[in-house]
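Chemist:
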Amino acid sequence: MINISTTYMGLQLKNPLIVSSSKLTEDLENIKLCAMYGAGAVVLKSIFEEQIRGESEAHLRKSNEMYYWYPEAKDHVMGLSMEASLDKYLDFVKTVKASVDIPVIASINCTSAVEWTKFAKAIQDAGADALELNISIFPFDASLKSSEIEDQYLQILVAVKKEVTIPVSVKLGSYFTNLCSMASQLVENGAQGLVFFNRFFRPDIDINTMEVVTDNHFSQPEEQNVPLRWIALMAGRNIGCDLVASTGIHYHIGMIKLLLAGATAVQVCSTLYINGIPYIETILKDLREWMKEHHFNQISDFRGKALQDVATSASFERIQFMKRDFED
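Residue numbers (the working numbering): 51 to 378.
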């Protein structure tokens, strides 16, 4: 009997396929479909720190004259506006939890460790099984040292961990001077899971209109090689938390590769836009067939198996080839 169940941050998952945070997961009917077709867990669409602040500030601008006469009302109204934004998200968490029988992971997209961190406790109280911190601090400010940016990540995590008891994961970008060191520091400060990687907005230029445009919204399967390398490196060092791959996992082949590299689970998104939510069922069916073909009864039988060979493990640390097959 093939068993594809697993655990992620202590949560019991029917399988290692997690639907990642996206516009798909801000719709209740889509989430129900994800559960129906077998997803192991779902990450809700992120609530954005800047979105909450933006809505509050927009409300203030509309009522600017009132604040001229009653300046003490400004903070009060801004607080109410922020609470209204959060209440929508909390109601959604409650509704989703009441509608599906799989773990529901809330998500906060954040850039600072200020007053919003108290929202994490409210999200926990709404019933979320875990929380994913989608920390988006892009390193374009030349006045900031890399250590200062890393400290911001740690400050956010520590502030949130003070508020909640549910498991907390951090979804990372790949822009770090020393990603292994950053990952270890996050684990030391309480991260129970790390997700590799956040796929940031990618601007492009249309040479006909000569304007900035958005490149392909969807990931490509070849992009999975980036999280593949880093998850293998982290798993090989046993850094002490669950590791999840995100970006480029479109088929069962990608999922299997990441599990062989030591991933606890994978997050999928683009493939569901391209192939439809029912494609979850196909990925899981193909995973079971592969396991049967290779005589594996459970995920733990082959998780990290590619790292058992020293030479294979060392290849993930190699940056350049001394000689490629197509070179003289």
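Every residue, glycine too, gets a C-beta built ideally from N, C-alpha and C.
(1) My parser needs the alpha helix (DSSP H) runs of 4 or more residues fully inside the segment 300–338; what are they?
(2) Do you know whose CA, among His267, Ile97, Asn184, lies nearest Pro253's CA?
(3) Return the chain-ordered list of same chain residues with a C-beta closer than 7 Å to the C-beta of Val318, the five sequence neighbours on each side being excluded.
(4) Taking C-alpha atoms, which residue in Ser296, Thr167, Glu79 lies nearest to Asn275?
(5) Using only alpha-carbon positions, find the residue among Leu322, Gly304, Thr215 that is nearest to Glu273.
(6) Whole angstroms is fine: what's the gap from Leu140's alpha carbon to Leu207's?
(7) In whole angstroms, what separates the C-alpha of Lys307 from that of Ala172?
(8) Nearest to Val210 by CA position, among Ile199, Phe169, Asp292, is which residue?
(9) Indicate the three-state DSSP secondary structure (helix, strand or coil) for Tyr58 in the structure shown.
(10) Might you give, ordered along the chain, the residues of its own chain that have their beta carbon closer than 8 Å to the beta carbon of Ile54, omitting 5 neighbours on each side?
(11) Taking the CB atoms as reference points, tell me whether Gly290 and Val245 lie closer together than 8 Å.
(12) Name the residue from Ile255, Leu83, Val218 whose alpha carbon lies nearest to the alpha carbon of Gly326.
(13) Check the C-beta distance from Thr314 over to Tyr58 and give it rounded, since I have them as a contact under 8 Å.
(14) Can you look up Glu261 in the DSSP assignment and give me helix, strand or coil?
(15) To which residues does DSSP link Pro217 through a beta bridge?
(16) Which of helix, strand or coil does DSSP assign to Ile187?
Modeler: From the atom records:
(1) Secondary structure remark: continuous alpha helix (DSSP H) runs of at least 4 residues inside the segment 300–338, in chain order: 302–310, 320–325.
(2) Cα-wise, what sits closest to Pro253 is His267.
(3) Leu67, Val69, Ser70, Ile299.
(4) The residue with the shortest Cα to Cα distance from Asn275 is Ser296.
(5) Comparing Cα positions, the closest option is Gly304.
(6) The alpha-carbon atoms of Leu140 and Leu207 are separated by roughly 20 Å.
(7) Pairing Lys307 with Ala172, the inter-Cα distance amounts to about 37 Å.
(8) The option with the nearest alpha carbon to Val210 is Phe169.
(9) In the three-state DSSP reduction, Tyr58 falls in the strand class (E or B).
(10) Excluding five sequence positions before and after Ile54, the CB atoms of its chain that fall closer than 8 Å to its own CB belong to Lys64, Asn65, Pro66, Leu334, Leu337, Arg338, Met341, Gln348, Ile349, given in chain order.
(11) Taking 8 Å as the Cβ cut-off, Gly290 and Val245 do not qualify as a contacting pair.
(12) Of the listed residues, the one whose Cα sits closest to Gly326 is Leu83.
(13) Confirmed, about 5 Å.
(14) Three-state DSSP puts Glu261 in a strand.
(15) Residue pairing from DSSP leaves Pro217 without any beta-bridge partner.
(16) Residue state for Ile187 is assigned as coil, using DSSP reduced to three classes.
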